[in-house]
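A short write-up of the structure that comes next.
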Amino acid sequence: MKTLKSILFSLLIVVSLTSCFKNTTVHPSSSITTLNKEIYDYEGIDVSSIFNVDIEFSATTESIEVEANQNLHQYIVIEKVNNVLRIRLEDRVSIEGNCTLKVHIVTKNPLDYYSVSEASSMIFQNSLVADDVTINIEGASYFTGLIESNSINLYMDGSAYASLEGKTNSIYVDASEASTVVGFNMIVDNGIFKLSDASKINLTINETIDIKAIDASVLRYKGNAVITNLDVSGSSQVIKLD
Numbered sequence: 000m001k002t003l004k005s006i007l008f009s010l011l012i013v014v015s016l017t018s019c020f021k022n023t024t025v026h027p028s029s030s031i032t033t034l035n036k037e038i039y040d041y042e043g044i045d046v047s048s049i050f051n052v053d054i055e056f057s058a059t060t061e062s063i064e065v066e067a068n069q070n071l072h073q074y075i076v077i078e079k080v081n082n083v084l085r086i087r088l089e090d091r092v093s094i095e096g097n098c099t100l101k102v103h104i105v106t107k108n109p110l111d112y113y114s115v116s117e118a119s120s121m122i123f124q125n126s127l128v129a130d131d132v133t134i135n136i137e138g139a140s141y142f143t144g145l146i147e148s149n150s151i152n153l154y155m156d157g158s159a160y161a162s163l164e165g166k167t168n169s170i171y172v173d174a175s176e177a178s179t180v181v182g183f184n185m186i187v188d189n190g191i192f193k194l195s196d197a198s199k200i201n202l203t204i205n206e207t208i209d210i211k212a213i214d215a216s217v218l219r220y221k222g223n224a225v226i227t228n229l230d231v232s233g234s235s236q237v238i239k240l241d
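In numbering that gives the first Met the number 0, the protein residues as written are 0 to 241.
Here's what the structure looks like:
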């Protein structure tokens with residue numbers, strides 16, 4: 000009997016706590032407004048919650064401009080967490096109907112970390128010049144950028160899409176769940192690839208390729224790279240193009 004009472008009491012607590020966290024559904028207003036945020040000295044950007052973000056690299060100015068339906072601004076969270084600028088909606092908020100969620104960023108810093116998830120997009124308006132760059136793309140999100148760097152670490156899953164241009168000494172790509180890289184205009188010296196779930200990579204590679212690919216994944220490359228390690232299975236392919 001005591002055990003039954005304990006179980007019922009525990010269930011009551013769970014129900015009570017759950018009722019405190021209700022989902023909020025918002026229908027976007029027709030009016031689009033712009034607000035400015037003042038956050039500085041961040042080293043990376045993390046975007047989620049269906050935001051569209053564009054980034055301009057500047058030698059002199061910095062700004063963060065948020066463009067959204069007027070009644071959505073109150074649910075937008077832009078904060079610096081562990082030196083990363085995070086852009087998202089409040090927890091447990093859903094939007095019904097067409098919405099505008101855009102953030103325009105101008106930064107003086109050559110940031111080295113970028114993350115985009117939950118059907119969001121990130122676009123570089125001009126060239127990023129940096130030493131080592133890490134990019135994380137997931138959840139049907141989109142990234143496009145011109146990058147000149149020593150190295151790029153690219154992590155992708157959930158039908159992620161990346162369009163790359165520029166040049167780098169080395170690239171590491173870990174792509175799964177039908178992710179895609181379009182990048183014959185990205186010139187790479189050395190590439191290491193871990194591909195699965197029908198992911199597809201297109202790059203120009205001039206020196207070496209080290210690849211493990213499964214589940215009908217494909218690396219297509221231009222250039223004169225030598226394959227130093229080849230481990231492919233499950234109808235995966237490495238295809239050299241003229």
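Note that beta-carbon positions come from the ideal geometry of N, C-alpha and C, so glycine has one too.
Test: residue i CB closer than 8 Å to a CB of chain E
i, result
"Glu147", "Protein chains in the displayed structure number just one, and chain E is not present."
Span of the beta strand (DSSP E) around residue i
i, result
"Lys79", "Ile75 to Val80"
"His103", "Leu100 to Thr106"
"Gly182", "Thr179 to Leu194"
"Glu64", "Ser62 to Asn68"
"Thr133", "Leu127 to Glu137"
"Phe56", "Asn51 to Phe56"
"Thr277", "Only positions 0 to 241 of the chain appear in this structure, which leaves residue 277 out of reach."
"Ser116", "Ser116 -> no beta strand (DSSP E), and no H or E assigned at all."
"Ser93", "Val92 to Ile94"
Minimum C-alpha distance to residue i - residue among the options
i, options, result
"Tyr154", "Glu164, Val231 and Val172", "Val172"
"Pro109", "Val92, His103 and Asp130", "Asp130"
"Val52", "Thr33, Val237 and Ile122", "Ile122"
"Thr167", "Tyr160, Val181, Asp156 and Glu147", "Glu147"
"Leu100", "Val92, Leu127, Val231 and Leu71", "Leu71"
"Ala67", "Leu229, Thr227, His103 and Tyr39", "His103"
"Ser232", "Ala224, Ile210, Val25 and Ile226", "Ile210"
"Thr143", "Val180, Ala174 and Ser150", "Val180"
"Ile186", "Asn223, Ser119 and Gly138", "Asn223"
"Asp40", "Asn81, Thr227, Asn149 and Thr33", "Asn81"
"Leu194", "Asp230, Ser120, Asn149 and Glu137", "Asp230"
Spatial neighbours of residue i in its chain, beta-carbon cut-off 7 Å, leaving aside the 5 residues before and after
i, result
"Ser234", "Ala215"
"Val105", "Glu55, Ser57, Thr60, Glu61 and Ser62"
"Lys221", "Phe183, Thr203 and Leu240"
"Ala197", "Ala177, Asp214, Ala215 and Ser216"
"Lys36", "Ile63, Val65 and Ile77"
"Cys98", "Pro27, Asn68 and Leu71"
"Phe20", "Low local confidence applies: a pLDDT of 46 at Phe20 is under 50, so the model's placement there is unreliable, with the coordinate-based value given in what follows. Closer than 7 Å at the Cβ level, and outside the excluded window around Phe20, lie Arg91."
"Ser158", "Ala139, Glu176, Ala177 and Ser178"
"Asp188", "Asn168, Ser169, Asn205 and Glu206"
"Glu89", "Tyr74 and Val76"
Per DSSP, cross-strand counterpart(s) of residue i
i, result
"Asp40", "Paired residue(s): none; Asp40 is not in a bridge."
"Arg85", "Asp45 and Glu78"
"Asp156", "Glu137"
"Asn149", "DSSP, once it has assigned bridges, lists no residue as partnering Asn149."
"Arg219", "Asn201 and Ile238"
"Ser169", "Ser150 and Asn189"
"Leu34", "Val65"
"Asn228", "Asp209"
"Leu163", "Gly144"
Neighbourhood of residue i by C-beta distance below 6 Å, restricted to the same chain and skipping five residues each side
i, result
"Ile190", "Correcting the residue type first, residue 190 is Gly in the shown sequence and not Ile. Result list for Gly190: Ile170, Ile204 and Ile208, in chain order."
"Asp45", "Val83, Arg85 and Ser114"
"Ser30", "Gln69"
"Gln236", "Val217"
"Ile226", "Ile208"
8 Å Cβ shell around residue i - same chain, five flanking residues per side excluded
i, result
"Asp111", "Glu42, Gly43, Ala129, Asp130, Asp131, Val132 and Thr133"
"Ile38", "Ile63, Ile77, Glu78, Lys79 and Leu84"
"Asn22", "Arg91, Val92 and Ser93"
Nearest-angstrom Cβ-Cβ length linking residue i and residue j, presumed shorter than 8 Å
i, j, result
"Ser126", "Arg87", "Wrong, their Cβ atoms sit about 27 Å apart, outside the cutoff."
"Ile200", "Ala174", "7 Å"
"Glu95", "Thr24", "6 Å"
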